[in-house]
Amino acid sequence: MSTTDTNTTAPTQNRAPDFIRQAIEEDIASGRYGGRVATRFPPEPNGYLHIGHAKALCIDFGMAARYGGTCNLRFDDTNPEKEDVEYVDAIMEDIHWLGYDWGDRLYYASDYFGRLYDFAEQLIKAGKAYVCDLTADEVRGHRGTLTEAGINSRFRERSIEENLDLFRRMRAGEFEEGSRTLRAKIDMASPNFIMRDPVMYRIVKTPHHRTGTTWCIYPMYDFAHGQSDAIERITHSLCSLEYEIHRPLYEWFIRELGLYPTRQIEFARLNLTHTVLSKRYLRRLVDEGIVSGWDDPRMPTLCGMRRRGYTPEAIHAFLDRIGVAKTDSVVDFSLLEHCVRDDLNKRAARVMAVLNPLKVVIDNYPDEAVEQLEAVNNPEDASAGTRMVPFSKVLYIEQDDFREVPPPKYYRLHPGNEVRLRYAYYIKCTHVVKDADGAVVEVHCTYDPATRGGQSPDNRKVKSTIHWVSARHALDAEVRLYDKLFTAENPSFEREGGDFTASLNPRSLVTVNGAKVEPSLAGAKAEQRYQFERVGYFCADSMESKPGALVFNRTVSLKDTWAKIAQKG
RNA sequence: UGGGGCGUGGUGUAAUUGGUAACACACUUGACUCUGGAUCAAGUUAGUCUAGGUUCGAGUCCUAGCGCCCCAGCCA
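The following block contains the structure:
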């Protein structure tokens, strides 16, 4: 976890209350839950959290915080075939990273397996549930269609005694996986599929990551979630839109069982342009080696974004701006990038780094001289202070910052032109040295000693200020330029083949090996964030950067007005 | 086709709950600047899915259409 961040759990105040806040405020006003607010964040431990989960958990934890309530963390671990402890710790780390804490309220749906089992027997005894021997295919065949009612299972009218006996034997492991299920006896003709005698329990003989082989029957989501909410006395169970259709069943179980009447409220989940946010696709990216892992800096996972250099504050700001509503929407990736830049601009220390070095020789500068020049660490934050940067006769500048033949409106270095070296001197290009192929390998300049520090006594202006590093003092670094993983706005809609990988961006990672960075970066710590002046925001890679072998990840580029001008020609 | 939900600029959210469409991102132009960054200023794009209706007045209410999303896992 980052140690330098000032994490925040405080929700933004000055925004019109969204519909969830309105609902909660109404419930508080009416005394529906005695003025209490209790929410929960219920991840399934079968993958890593991504920015979409961040929206959900910020709503869950944020609502609780706003109304002085509590938010439980509950792992929804009812499917041993898909879940693993590997994910539990990662999920907790990510929640903490976003600045939230569940105190001592860490729960697992699997903790409730015993009570859930008792609830099931309760429904059987009330004649509201039955053991069904239909195969999965038969169940599907009995379900009906959008317009036709389903048909009742031939096992629907078993006696309570038989159901009880069978269910107990299911639990005892007497039956094969898939051979029987426990189903709620509701209405096979319901226009809502979810109510057509939904499965409550299925037989699964895979060991569970927490309960081991204690159980061989597991509750379905619908038979676990609402009851878990009720057990924890959750007042507001906030979830995404696809569960709206489950609400009648959620309430049916609670009513039939006589449990705490949690209110479920649904909101639209987050969609982002140029990315995918489904576990299935994210898993494929990892499994197929398209990215290096769940924490690849191009991934929209929280661990990936953290490694990329995103801050929790930026994510909170982003989430605050997109709001909460029930409309399906797709948020522009550029809004996220804006929030990241906005945050980093205020806090990232400025340094000079040259990604594609071009040698500059100051012909009239003393051969062996070295000067230490003062540079501002952050123009947005005076308290960040200054540092000394070494200057000498031979420097590196960015290849992009020199043109032998300048295009229109180009006012960086070119023959005859004078520019400022940031915090150093004005230099004027006199001539270049080329190699056999005609490529410029050395730019020769003269400097004006009177402009030390970057100011001219005669007040003459230079149009451009460029960054540089002293050749003999510079450190080598590897720089990873990350960009959007997909070129398509909506990758999952793309292309005839129908595969979302069709729009993978071939330049989502460009590795620069010969970068030259200023010496102050020698001790860059993991996830330490910097602005490479005029280039972008970067952070030391948490996995691979070491002293002597620095690796920096580009979090996001700086806005590049020149690129736009150049593009227009 | 049954059911559930949703339609406001390129994008996302607002609109004192019936009072004359706002904020942000994006985009454009300009100012300023020791980052072509940041900042500041100005500007373009909607007459609120459509058609009727109620009303002095409708994005908000009514009616009928249209469009989009979700649901036929022993996933969550």
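For the first sequence, my numbering begins at 14 and goes up steadily by one.
Even glycine gets a Cβ: it sits at the ideal position worked out from N, Cα and C.
Output needed for residue i: all residues of its chain with C-beta closer than 8 Å, excluding positions within five of it in sequence on either side, in chain order.
{"i": "residue 380", "result": "406"}
{"i": "residue 538", "result": "553"}
{"i": "residue 254", "result": "279, 280, 281, 282, 339, 341"}
{"i": "residue 217", "result": "92, 93, 94, 190, 229, 230, 231"}
{"i": "residue 401", "result": "385, 386, 387, 388"}
{"i": "residue 417", "result": "427, 428, 445, 453"}
{"i": "residue 551", "result": "322, 366, 492, 542, 543, 544, 545, 565, 566, 567, 568"}
{"i": "residue 462", "result": "438"}
Could you tell me the distance, in whole angstroms, from the CA atom of residue i to the CA atom of residue j?
{"i": "residue 424", "j": "residue 340", "result": "47 Å"}
{"i": "residue 202", "j": "residue 43", "result": "36 Å"}
{"i": "residue 467", "j": "residue 390", "result": "16 Å"}
{"i": "residue 572", "j": "residue 229", "result": "56 Å"}
{"i": "residue 478", "j": "residue 555", "result": "32 Å"}
{"i": "residue 328", "j": "residue 183", "result": "46 Å"}
{"i": "residue 524", "j": "residue 494", "result": "6 Å"}
{"i": "residue 291", "j": "residue 343", "result": "14 Å"}
{"i": "residue 270", "j": "residue 394", "result": "59 Å"}
{"i": "residue 312", "j": "residue 243", "result": "35 Å"}
{"i": "residue 309", "j": "residue 105", "result": "19 Å"}
{"i": "residue 456", "j": "residue 438", "result": "16 Å"}
{"i": "residue 173", "j": "residue 77", "result": "42 Å"}
{"i": "residue 46", "j": "residue 504", "result": "43 Å"}
{"i": "residue 245", "j": "residue 333", "result": "28 Å"}
{"i": "residue 303", "j": "residue 294", "result": "11 Å"}
{"i": "residue 261", "j": "residue 187", "result": "33 Å"}
{"i": "residue 59", "j": "residue 98", "result": "9 Å"}
If you follow the alpha helix (DSSP H) that residue i is part of, which residue opens it and which one closes it?
{"i": "residue 286", "result": "Counting along the chain, residue 286 falls outside any alpha helix (DSSP H), and DSSP gives it neither H nor E."}
{"i": "residue 131", "result": "126-138"}
{"i": "residue 353", "result": "346-360"}
{"i": "residue 72", "result": "64-79"}
{"i": "residue 176", "result": "173-184"}
{"i": "residue 40", "result": "32-43"}
What are the start and end residues of the beta strand (DSSP E) that includes residue i?
{"i": "residue 316", "result": "First-last for residue 316: 315-321, but that is the alpha helix (DSSP H), not the beta strand (DSSP E)."}
{"i": "residue 384", "result": "384-389"}
{"i": "residue 218", "result": "Where residue 218 is concerned, there is no enclosing beta strand (DSSP E), given that its DSSP letter is neither H nor E."}
{"i": "residue 371", "result": "370-375"}
{"i": "residue 440", "result": "439-447"}
{"i": "residue 269", "result": "Per DSSP, residue 269 belongs to no beta strand (DSSP E); it is in the alpha helix (DSSP H), 260-270."}
Using only alpha-carbon positions, find the residue among the options that is nearest to residue i.
{"i": "residue 120", "options": "210, 241, 513", "result": "241"}
{"i": "residue 63", "options": "319, 443, 199", "result": "319"}
{"i": "residue 147", "options": "91, 215, 404", "result": "215"}
{"i": "residue 412", "options": "41, 564, 469, 480", "result": "480"}
{"i": "residue 369", "options": "517, 172, 415", "result": "415"}
{"i": "residue 109", "options": "489, 461, 325, 195", "result": "325"}
{"i": "residue 72", "options": "104, 106, 175, 31", "result": "31"}
{"i": "residue 469", "options": "448, 440, 60, 496", "result": "440"}
{"i": "residue 234", "options": "134, 266, 164", "result": "266"}
{"i": "residue 575", "options": "220, 419, 488, 194", "result": "419"}
{"i": "residue 205", "options": "213, 158, 56, 331", "result": "158"}
{"i": "residue 192", "options": "151, 132, 171, 528", "result": "151"}
Does the beta-carbon distance from residue i to residue j come in below 9 Å?
{"i": "residue 51", "j": "residue 248", "result": "yes"}
{"i": "residue 454", "j": "residue 530", "result": "no"}
{"i": "residue 285", "j": "residue 67", "result": "no"}
{"i": "residue 236", "j": "residue 185", "result": "no"}
{"i": "residue 383", "j": "residue 486", "result": "yes"}
{"i": "residue 90", "j": "residue 57", "result": "yes"}
{"i": "residue 37", "j": "residue 80", "result": "yes"}
{"i": "residue 74", "j": "residue 88", "result": "no"}
{"i": "residue 268", "j": "residue 123", "result": "no"}
{"i": "residue 372", "j": "residue 484", "result": "yes"}
{"i": "residue 144", "j": "residue 170", "result": "no"}
{"i": "residue 289", "j": "residue 132", "result": "no"}
{"i": "residue 331", "j": "residue 357", "result": "no"}
Take residue i and list the residues in its own chain whose beta-carbon comes closer than 6 Å to its own, dropping the five residues that flank it on each side.
{"i": "residue 16", "result": "Only weak support is given to the placement of residue 16: the predicted model assigns it a pLDDT of 28, under 50, and the value that follows is read from those uncertain coordinates. Contacts found: none."}
{"i": "residue 564", "result": "491, 554, 557, 558"}
{"i": "residue 546", "result": "363, 365, 480"}
{"i": "residue 508", "result": "Because residue 508 sits at a pLDDT of 45, beneath the cut-off of 50, its placement in the model cannot be relied upon, and the following sentence gives the value as read from the coordinates. So the qualifying residues of the chain are 515."}
{"i": "residue 275", "result": "242, 243, 247, 250"}
{"i": "residue 570", "result": "549"}
{"i": "residue 577", "result": "none"}
Return the chain-ordered list of same chain residues with a C-beta closer than 7 Å to the C-beta of residue i, the five sequence neighbours on each side being excluded.
{"i": "residue 7", "result": "Examination of residue 7 is not possible in this model, given that the chain is present from 14 through 582 alone."}
{"i": "residue 115", "result": "84, 85, 86"}
{"i": "residue 582", "result": "none"}
{"i": "residue 496", "result": "518, 520, 521"}
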